[in-house]
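Before any comments, here is the structure.
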Amino acid sequence: MTTSFWQQAHRRREAAYDVVVIGGGIVGCSTAYWLHRRQPSLRVGILEARTLAAGASGRNAGFVLQGTHTDYRSDLDRYGKQAARRLWAFTRDTRDLLATELRGTAFDWRSDGSLTAAGTGDEAERLRAGLSHLRMAGAPVVYLDPDETNARLGASGFHGGLFVTTGAVVNPLQLVRHLAAQSE
């Protein structure tokens, strides 16, 4: 049996890779990027079912935050002082590394800080309770009273907030595409 012209034109090319990363989101593309960066001779491929950043990696707000999803007081209670400090330092170092890697590229990157707003009095108290510990750990944080928090957000009803001066935002789709392109 013969193969039609159209079938020949769309034949898959043979690919040869040393490593194939499954998934074209932020984790997969970051893995491919760093594998290639650490060992440039390595042929790294990314296998994605749809398109790069088709899922959550291309549909998020792009926040580059320090710390965990909870307040620092909760981290202290859950993990202990040393582990909470290491977690904070790890996320700070990751943010700094990302900023360094993106320097000189045409990225939508803004480092205007981040604000965690307290929706209740209890949340505000937990933010305040972790403040001195964060400062002792070297975190660049400022507690904002309710008036200042609401003014910055153009809102009303917040009970205070924690402003982290090193928080940033990046275009997540641009980031994933950049990481994938640089891993080739």
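Be aware that the sequence shown starts at 181, since it is given in the numbering used here, and climbs by one per residue. Where is the CB? At the ideal position from N, CA and C, for every residue including glycine.
DSSP three-state call for residue i: helix, strand or coil?
{"i": "residue 297", "result": "strand"}
{"i": "residue 406", "result": "With the chain represented from 181 up to 364, any question about residue 406 goes unanswered, as that position is not in the structure."}
{"i": "residue 311", "result": "helix"}
{"i": "residue 230", "result": "coil"}
{"i": "residue 259", "result": "helix"}
{"i": "residue 245", "result": "coil"}
{"i": "residue 197", "result": "coil"}
{"i": "residue 236", "result": "helix"}
{"i": "residue 222", "result": "coil"}
{"i": "residue 319", "result": "coil"}
{"i": "residue 208", "result": "helix"}
{"i": "residue 290", "result": "strand"}
{"i": "residue 279", "result": "helix"}
{"i": "residue 264", "result": "helix"}
In whole angstroms, give me the CA-to-CA distance for residue i and residue j.
{"i": "residue 349", "j": "residue 249", "result": "16 Å"}
{"i": "residue 165", "j": "residue 253", "result": "Only positions 181 to 364 of the chain appear in the structure, and residue 165 is not among them; the question remains open."}
{"i": "residue 256", "j": "residue 231", "result": "40 Å"}
{"i": "residue 313", "j": "residue 363", "result": "39 Å"}
{"i": "residue 212", "j": "residue 195", "result": "16 Å"}
{"i": "residue 263", "j": "residue 310", "result": "14 Å"}
{"i": "residue 336", "j": "residue 324", "result": "14 Å"}
{"i": "residue 197", "j": "residue 216", "result": "12 Å"}
What do you get for residue i, buried or exposed, if any count of 16 or more other CB atoms within 10 angstroms of its CB means buried?
{"i": "residue 290", "result": "exposed"}
{"i": "residue 266", "result": "exposed"}
{"i": "residue 227", "result": "exposed"}
{"i": "residue 258", "result": "exposed"}
{"i": "residue 334", "result": "exposed"}
{"i": "residue 298", "result": "buried"}
{"i": "residue 306", "result": "buried"}
{"i": "residue 221", "result": "exposed"}
{"i": "residue 236", "result": "exposed"}
{"i": "residue 294", "result": "buried"}
{"i": "residue 200", "result": "exposed"}
{"i": "residue 280", "result": "exposed"}
Between the Cα of residue i and the Cα atoms of the options, which residue gives the shortest distance?
{"i": "residue 300", "options": "314, 338, 273", "result": "338"}
{"i": "residue 277", "options": "296, 260, 245", "result": "245"}
{"i": "residue 251", "options": "196, 364, 296", "result": "296"}
{"i": "residue 308", "options": "260, 340, 228, 269", "result": "340"}
{"i": "residue 274", "options": "210, 199, 201", "result": "210"}
{"i": "residue 326", "options": "352, 319, 318, 304", "result": "304"}
{"i": "residue 288", "options": "352, 269, 225, 315", "result": "352"}
Are the C-beta atoms of residue i and some chain B residue less than 7 Å apart?
{"i": "residue 292", "result": "The displayed structure is made up of one protein chain only, and chain B is not part of it."}
- Item | contact_flag[the region 200-220, the region 343-359] where n(CB pairs < 8 Å) is 3 or more | yes
- Between the region 341-348 and the region 231-240, do three or more beta carbon pairs fall short of 8 Å? Contact between the region 341-348 and the region 231-240 is absent: fewer than three C-beta pairs spanning the two stretches fall below 8 Å.
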